[in-house]
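K.L.:
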Amino acid sequence: DRRARARSTRRDATMPRDDARDVPALPASASEGVARREWTASGAAADALPYVDATPGGDWRARVDQAVAEEMRRMKSKGRDHLDALAPSGDDGLERRAGRMVADELARVASGRSMVIPDTMRYRLDPPPRSERESAEAWEKAIENARAQLEHQATRRANLELALKYAPAAWRARNAWGDAAVKAYEEELARVRTEVNELNVMRKLQQESAAKEISALEREWYATTRKCAAIEGAIADLEAELATK
491 DRRARARSTR
501 RDATMPRDDA
511 RDVPALPASA
521 SEGVARREWT
531 ASGAAADALP
541 YVDATPGGDW
551 RARVDQAVAE
561 EMRRMKSKGR
571 DHLDALAPSG
581 DDGLERRAGR
591 MVADELARVA
601 SGRSMVIPDT
611 MRYRLDPPPR
621 SERESAEAWE
631 KAIENARAQL
641 EHQATRRANL
651 ELALKYAPAA
661 WRARNAWGDA
671 AVKAYEEELA
681 RVRTEVNELN
691 VMRKLQQESA
701 AKEISALERE
711 WYATTRKCAA
721 IEGAIADLEA
731 ELATK
């Protein structure tokens with residue numbers, strides 16, 4: 491009847507919710523700037539944001555895992571196979587980016603074939619075979635090969651002399667450039683981390699301020715609901731009393 495419904499409403503309104511919680515607020519004397527400096531200086535985990543929404547009660551993680559598993563069962567591709575449905579990066583793929591040589595080498599490794607031994611004959615100073623020792627053409631080829639080897643050794647010697655003269659300064663300049671690049675990247679990283687930390691601190695302050703207001707409104711709502719339930723219960727009692735007369 492109406493009296494029973496009023497009592498039930500009054501009882502529900504006075505019972506606290508399971509997910510209601512009191513969010514700790516800043517002291518009244520602490521300003522936003524002071525709090526930001528304190529959090530930044532203390533190194534606290536500012537990215538652990540105290541969202542107003544409370545953690546669901548009960549075995550909520552099991553329900554979430556069940557929902558994820560159900561969604562994965564409905565997917566056409568399962569596990570890691572979902573990457574196969576993605577389009578390739580380009581028409582030629584590896585050949586376009588790294589060249590035909592790298593593609594051939596990867597194909598060789600995939601097929602299990604052994605590596606081809608490089609030809610070192612042109613780096614040797616072998617005389618003509620015994621069967622061609624009487625051939626002037628064979629000796630001319632051997633002499634041309636020796637001249638090529640001599641020129642190669644002369645080029646290597648010139649490169650080593652140039653490296654001995656200029657390489658130290660070039661390497662020092664290269665190292666200085668690398669140090670400057672690393673320093674610039676470290677400064678950029680520190681700047682980005684500072685911006686992220688300040689943003690998280692600002693969000694933390696905004697959420698704690700909103701939590702205080704929401705908590706006050708929630709308490710006001712419960713108080714008003716209890717008054718409405720009490721009034722409705724009193725009305726039901728008066729109606730029942732009048733009905734008995």
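In terms of this note's numbering, the sequence shown opens at residue 491 and continues consecutively.
Cβ atoms here follow ideal geometry from the backbone N, Cα and C, with glycine treated the same way.
Owing to the predicted nature of the structure, the values given are computational and were not obtained by experimental measurement.
Taking S699 as part of the alpha helix (DSSP H), name the residues at either end of that continuous run.
P.N.:
Taking the first residue of the sequence shown as 1, we reach residue 699 at position 209. Residues 626-734.
K.L.:
Taking the CB atoms as reference points, tell me whether R662 and N635 lie closer together than 9 Å.
P.N.:
Translated into positions along the sequence shown, residue 662 becomes position 172. Translated into positions along the sequence shown, residue 635 becomes position 145. Not in contact: R662 and N635 (Cβ atoms no closer than 9 Å).
K.L.:
What separation, rounded to the nearest whole angstrom, lies between the Cα atoms of S621 and L650?
P.N.:
As a first step, residue 621 is located in the sequence shown; it is residue number 131 there, counting from the start. As a first step, residue 650 is located in the sequence shown; it is residue number 160 there, counting from the start. Answer to the nearest angstrom: the Cα atoms are 40 Å apart.
K.L.:
Please return the same chain residues whose Cβ sits closer than 7 Å to the Cβ of D555, not counting the five positions on each side in sequence.
P.N.:
Taking the first residue of the sequence shown as position 1, residue 555 is located at position 65. Same-chain partners within the cutoff: there are none.
K.L.:
Just checking, does the segment 598-617 make contact with the segment 632-648 on the three C-beta pairs under 8 Å criterion?
P.N.:
These segments touch.
K.L.:
Over the uninterrupted alpha helix (DSSP H) stretch that includes D594, give me the two end residues.
P.N.:
On the sequence shown, position 104 is the one that residue 594 refers to. Per DSSP, D594 belongs to the alpha helix (DSSP H) from 590-601.
K.L.:
How would you label A600, buried or exposed, when you count the other beta carbons within 10 angstroms and need 16 or more for buried?
P.N.:
On the sequence shown, position 110 is the one that residue 600 refers to. Flag for A600 reads exposed.
K.L.:
Nearest-angstrom Cα distance between A680 and E703?
P.N.:
Walking along the sequence shown from the start, residue 680 turns up at place 190. Walking along the sequence shown from the start, residue 703 turns up at place 213. The straight-line gap from Cα to Cα measures roughly 35 Å.
K.L.:
Is it buried or exposed, K655, if we count other Cβ atoms within 10 angstroms and call 16 or more buried?
P.N.:
Taking the sequence shown and counting its residues from 1, the one referred to as residue 655 is at position 165. Exposed: under 16 other Cβ atoms inside 10 Å.
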